[in-house]
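Every letter in the sequence shown is one number past the one before it in the working numbering, and letter 126, counting from 1, is 218.
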Amino acid sequence: MSTRTLAFDEAVRNRFSSRAFLPTPLTEEQIRQVLTDAQHSPSNCNTQPWHVHIASGKTKDTLEQAMIRNDQTDLVTPDFTFNYADFYGDYFDRSQEQARIYYEALGVSREDKAKRHEVYLRNFRFFGAPHVAFLFMPSFGDNVRVASDIGMYAQTFLLSLTARGYAGIPQTLLGFHADTVRKILNVSGQYRLLFGISFGYADPNALTHHVRMERIPVDESVILHN
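The following block contains the structure:
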């Protein structure tokens with residue numbers, strides 16, 4: 093593995109959400125390097141509200157089994173709401189295009205419900221990643237500013253992974269099982285689970301490894317005022 097750290101522009105443009113990982117774990121030193129980078133993230137009033145739990149090995153396996161059992165009984169305990177029906181216009185269209193590209197790369201048709209559910213369950217298997225970080229946060233007011241701080245932490249974490257030759261994927265779905273994760277990781281109820289990030293070495297031979305999602309032009313989302 094290369095020890096060269098990517099320049100900022102390379103890390104930003106090379107980062108992608110890996111949906112297939114090698115089983116090779118990172119060392120504790122490697123993980124701590126990424127965590128040290130992420131610790132420099134900005135936050136509102138320097139509150140640094142991120143409360144991160146990283147699961148590996150048997151603990152990760154226990155979480156996987158528990159979340160799959162939850163899926164079998166339709167049990168979800170999210171701390172924050174999420175509904176695809178809330179998306180509209182171009183936002184909805186982009187979410188549907190992302191799903192289409194992903195399933196087509198795997199050769200799974202829209203009509204194959206059983207196979208699509210099997211692919212869905214890969215989320216709870218962390219896409220084969222050896223590690224998963226759960227991003228918890230305290231609750232302040234309407235939580236918008238706290239959640240934005242967690243987002244900035246997560247982006248720094250993801251860019252550090254990329255810069256160092258690793259890969260990660262933020263997973264909203266892991267936040268649907270907040271009570272289960274809190275119980276297994278012995279996390280206080282004062283912390284809310286926003287989402288998780290599975291990470292490790294990307295599998296270069298996976299069917300989805302070269303899939304990249306397009307970004308809209310800057311001018312479609314930014315207005316410059318002089």
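Glycine included, every Cβ here is placed at the ideal spot set by N, Cα and C. The structure displayed is predicted, hence computed values, not measured ones.
Exercise. The alpha helix (DSSP H) with F226 in it runs from where to where?
Worked result: For F226, there is no enclosing alpha helix (DSSP H); the residue is found in the beta strand (DSSP E) stretching over H223 to M229.
Exercise. What are the uninterrupted segments assigned as alpha helix (DSSP H) that are 4 or more residues long and contained completely in the stretch 234-309, given in chain order?
Worked result: Note on the stretch 234-309: whole alpha helix (DSSP H) runs with a minimum of 4 residues are 236-255 and 270-277, in chain order.
Problem set entry | A197: first and last residue of the uninterrupted alpha helix (DSSP H) it sits in | Residues G181 to L198.
Problem set entry | Neighbourhood of P117 by C-beta distance below 6 Å, restricted to the same chain and skipping five residues each side | P222.
For this session: Identify, in the order they occur along the chain, each residue of the same chain with its Cβ nearer than 7 Å to the Cβ of L265, setting aside the five sequence neighbours on each side.
Result: Here the set comprises N215.
Problem set entry | Alpha-carbon to alpha-carbon, F174 and Y258 | Computed Cα separation, rounded: 29 Å.
For this session: State buried or exposed for M305, treating a residue as buried only when at least 16 other CB atoms are found within 10 Å of its CB.
Result: Burial check for M305: the Cβ neighbour count within 10 Å stays below 16, so the residue is exposed.
Exercise. Can you tell me whether Q263 is buried or exposed, with buried defined as 16 or more other CB within 10 angstroms of its CB?
Worked result: Q263 comes out buried.
Problem set entry | Under the three-state DSSP convention, the category V211 falls into | In the structure shown, V211 sits in a helix (DSSP, three-state: H, G or I).
Exercise. To the nearest angstrom, how far is it from the Cα of E196 to the Cα of R237?
Worked result: Roughly 37 Å separates the two Cα atoms.
Exercise. Under the three-state reduction of DSSP, which class applies to V126: helix, strand or coil?
Worked result: V126: helix per DSSP, three-state reduction.
Exercise. Are the beta-carbon atoms belonging to I315 and L286 less than 8 Å from one another?
Worked result: Contact: no.
For this session: Please state whether DSSP places F113 in a helix, a strand or coil.
Result: Strand, per DSSP.
For this session: Note down the Cα distance separating R256 from G292, rounded to an integer number of angstroms.
Result: Those two C-alpha atoms are separated by around 11 Å.
Problem set entry | Residues that DSSP places opposite S313 in a beta bridge | Paired residue(s): none; S313 is not in a bridge.
Exercise. So, helix, strand or coil for A99, using DSSP?
Worked result: In the structure shown, A99 adopts coil according to DSSP, grouped into three states.
For this session: Please classify K150: is it buried, with 16 or more other beta-carbons within 10 angstroms of its beta-carbon, or exposed?
Result: So K150 counts as exposed.
For this session: Kindly indicate which three-state DSSP category T165 falls into: helix, strand or coil?
Result: T165 falls in the coil class under three-state DSSP.
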